[in-house]
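To start, the structure under review is shown below, and the notes come after it.
There are 2 protein chains.
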Amino acid sequence: MSKGQATRERILDRAVDLVAAAGLEGLSLGDLAKATRLSKSGLFAHFDSKQDLQLQVLETARAHFIETVVSPALRQPRGELRVRALFENWLAWEQAREKGGCPFVPASHELDDRPGRLRDALVAVQRDWIDTLAMAARIAVEEGHFRSGLDARQLAFDVYGLFLAFHFYHRLLRDPEAAGRAIDGFERLLAACR
Amino acid sequence: MSKGQATRERILDRAVDLVAAAGLEGLSLGDLAKATRLSKSGLFAHFDSKQDLQLQVLETARAHFIETVVSPALRQPRGELRVRALFENWLAWEQAREKGGCPFVPASHELDDRPGRLRDALVAVQRDWIDTLAMAARIAVEEGHFRSGLDARQLAFDVYGLFLAFHFYHRLLRDPEAAGRAIDGFERLLAACR
DNA sequence: GACAAGAACGACCGGTCGTGCTATTTTTTT
DNA sequence: AAAAAAATAGCACGACCGGTCGTTCTTGTC
Numbered sequence: 031m032s033k034g035q036a037t038r039e040r041i042l043d044r045a046v047d048l049v050a051a052a053g054l055e056g057l058s059l060g061d062l063a064k065a066t067r068l069s070k071s072g073l074f075a076h077f078d079s080k081q082d083l084q085l086q087v088l089e090t091a092r093a094h095f096i097e098t099v100v101s102p103a104l105r106q107p108r109g110e111l112r113v114r115a116l117f118e119n120w121l122a123w124e125q126a127r128e129k130g131g132c133p134f135v136p137a138s139h140e141l142d143d144r145p146g147r148l149r150d151a152l153v154a155v156q157r158d159w160i161d162t163l164a165m166a167a168r169i170a171v172e173e174g175h176f177r178s179g180l181d182a183r184q185l186a187f188d189v190y191g192l193f194l195a196f197h198f199y200h201r202l203l204r205d206p207e208a209a210g211r212a213i214d215g216f217e218r219l220l221a222a223c224r
Numbered sequence: 031m032s033k034g035q036a037t038r039e040r041i042l043d044r045a046v047d048l049v050a051a052a053g054l055e056g057l058s059l060g061d062l063a064k065a066t067r068l069s070k071s072g073l074f075a076h077f078d079s080k081q082d083l084q085l086q087v088l089e090t091a092r093a094h095f096i097e098t099v100v101s102p103a104l105r106q107p108r109g110e111l112r113v114r115a116l117f118e119n120w121l122a123w124e125q126a127r128e129k130g131g132c133p134f135v136p137a138s139h140e141l142d143d144r145p146g147r148l149r150d151a152l153v154a155v156q157r158d159w160i161d162t163l164a165m166a167a168r169i170a171v172e173e174g175h176f177r178s179g180l181d182a183r184q185l186a187f188d189v190y191g192l193f194l195a196f197h198f199y200h201r202l203l204r205d206p207e208a209a210g211r212a213i214d215g216f217e218r219l220l221a222a223c224r
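Line by line, the protein sequences give chains A and B. For the first sequence, my numbering assigns the number 31 to the initial residue and increments by one for each residue that follows. For the second sequence, my numbering assigns the number 31 to the initial residue and increments by one for each residue that follows.
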């Protein structure tokens with residue numbers, strides 16, 4: 031790998047953290063340059079525009095998410111275990127990044143009223159993730175772990191709600207019971223699926 | 031009421047809409063001046079600083095929220111009906127503001143890592159609201175509508191999750207079924223409380 | 001060792017931000 | 001109607017924004 035390529039990856043990894051903390055708009059070239067100990071222009075030479083940078087940050091975050099949340103869960107056996115793994119890895123993903131948390135959550139609220147390529151890219155990522163959740167639930171029905179007739183997309187909605195509530199209680203309210211509450215809610219949800 | 035007072039309230043009302051759309055940081059004095067047809071300096075004379083403006087915007091939003099969500103629900107009879115009213119008014123509050131949605135949701139994500147008076151004020155508002163939800167649930171236990179031993183604060187957590195999922199599906203994904211999903215989830219939640 | 005390509009630099013552009021100071025207009029009080 | 005007070009406008013500031021420029025340092029190839 032060329033040196034430029036390596037630097038660009040270093041920039042993007044650092045940028046994902048900054049986005050998780052301050053959002054996609056809060057990410058400024060100056061801050062990112064300081065964080066990577068590059069000059070602003072030296073950094074900017076790696077990207078066509080700020081939007082290009084933001085798109086690449088989104089793509090980098092997506093790759094991280096798939097690597098640490100989705101892929102390990104897909105190695106679990108089909109059915110309830112896999113659904114559990116998806117949710118638990120998701121919570122861990124949010125907690126692991128000590129400084130920022132999940133970068134998609136702030137991005138979702140910044141972009142929900144701003145049409146454009148950035149928003150389209152984010153929506154695509156989120157739809158994929160919801161599809162993954164729903165598909166895992168549907169497989170659990172096939173396996174006989176969940177009752178037939180279960181609305182898998184409704185389950186995905188409910189689970190997403192638990193994650194967002196966790197994010198909110200954890201990051202804004204600093205509630206130490208946030209994770210416990212999310213897990214309790216998830217168990218109650220699963221019990222209703224059987 | 032003096033004219034200045036009236037203008038200030040007009041500014042704050044308009045500012046709440048802009049915050050709902052663009053967040054507390056996205057609110058700029060220039061934009062707000064244009065929206066209220068004042069000069070930037072003429073507008074600024076009403077406030078000590080931008081932070082002062084933001085604090086007053088938060089307080090204005092809080093007053094609106096209590097007026098349109100909490101107070102009408104407290105006029106409902108104690109018990110399940112009141113819990114229902116709180117949730118339904120909450121959903122309606124989010125949908126009523128055609129341009130912006132709930133101003134507290136974007137603010138929560140902007141401020142979750144920024145200590146200061148703004149964050150403290152927002153946390154206080156949110157804690158009050160969660161207490162209101164939990165208290166209504168506890169009353170429903172007293173009235174015999176909900177089973178005894180119910181964890182009222184867990185219910186508040188779950189309900190908050192449903193609202194956030196609704197907000198996310200509605201505003202980012204533009205899912206027309208968002209409200210239906212939230213209501214379905216709420217009904218399932220209530221059924222488990224009885 | 002020459003030389004081109006890649007990578008990073010510092011200076012700078014026009015624009016917008018929050019914020020102060022001063023003048024002018026409008027409202028209120030006498 | 002005059003004087004006092006309040007409300008608004010005009011203007012300029014320093015800081016920072018995304019982005020461009022020409023230059024320099026590094027790297028690898030012939």
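All C-beta atoms, glycine included, are put in the ideal place defined by N, C-alpha and C.
Around the Cβ of S101(A), a 10 Å sphere holds fewer than 16 other Cβ atoms; the residue is exposed. By the neighbour-count criterion, in which 16 or more other beta carbons inside 10 Å mark a residue as buried, A221(A) falls on the exposed side.
Taken atom to atom, the span from the alpha-carbon of L59(A) to that of G53(A) is near 13 Å. Between A164(A) and D143(B), the C-beta spacing is not below 7 Å. For the options R108(A), L57(A), R40(A), the alpha carbon positioned closest to that of L48(A) is the one of L57(A). Considering only beta carbons, the part of the region 180-199 of chain A lying closer than 9 Å to chain B consists of D181, R183, Q184, F187, D188, V189, Y190, G191, L192, F193, L194, A195, F196, H197, F198, Y199, in chain order.
At a beta-carbon threshold of 9 Å, the residues of chain A lying near R201(B) are S138, H139, D142, D143, ordered along the chain. Boundaries of the alpha helix (DSSP H) around A115(A): 110-126. Between L116(B) and A137(B), the CB-CB gap reaches or exceeds 7 Å. For V135(B), the chain A residues whose C-beta falls within less than 8 Å of its own C-beta are H139, listed in chain order. A Cβ-Cβ separation of about 7 Å places F134(A) in contact with V155(A) under the 8 Å criterion. At the C-beta level, H94(A) and R38(A) stay beyond 7 Å of one another. With respect to the 7 Å criterion, L42(A) and Q84(A) are not classified as neighbours on the basis of their beta carbons. At a cut-off of 7 Å between beta-carbon atoms, G210(B) makes no contact with chain A. Taking a Cβ-Cβ cut-off of 7 Å, A65(A) has no neighbours in chain B, whose nearest Cβ is about 15 Å from it.
R157(B) reaches chain A at L203, counting residues in chain order whose Cβ is nearer than 8 Å.
In this structure G215(A) touches G191(B) by the C-beta definition: roughly 7 Å separates them, less than 8 Å. Against chain B, the beta carbon of G146(A) has no neighbour under 9 Å; the closest one sits roughly 13 Å away. Under the 10 Å beta carbon count, A126(B) is surrounded by fewer than 16 other beta carbons and is classified as exposed. For D214(A), the chain B residues whose Cβ falls inside 7 Å of its Cβ are Q184, in order along the chain. Judged by DSSP secondary structure, S71(A) falls within the alpha helix (DSSP H) whose first and last residues are 70-74. At a beta-carbon threshold of 8 Å, the residues of chain A lying near V153(B) are L202, L203, ordered along the chain. With respect to chain B, the C-beta atom of A166(A) has no partner C-beta closer than 7 Å. Around the CB of G131(B), 16 or more other CB atoms lie within 10 Å, so the residue is classed as buried. The alpha-carbon of E173(B) is positioned some 7 Å away from that of R108(B). For A51(B), at least one C-beta of chain A is nearer than 7 Å to its own C-beta.
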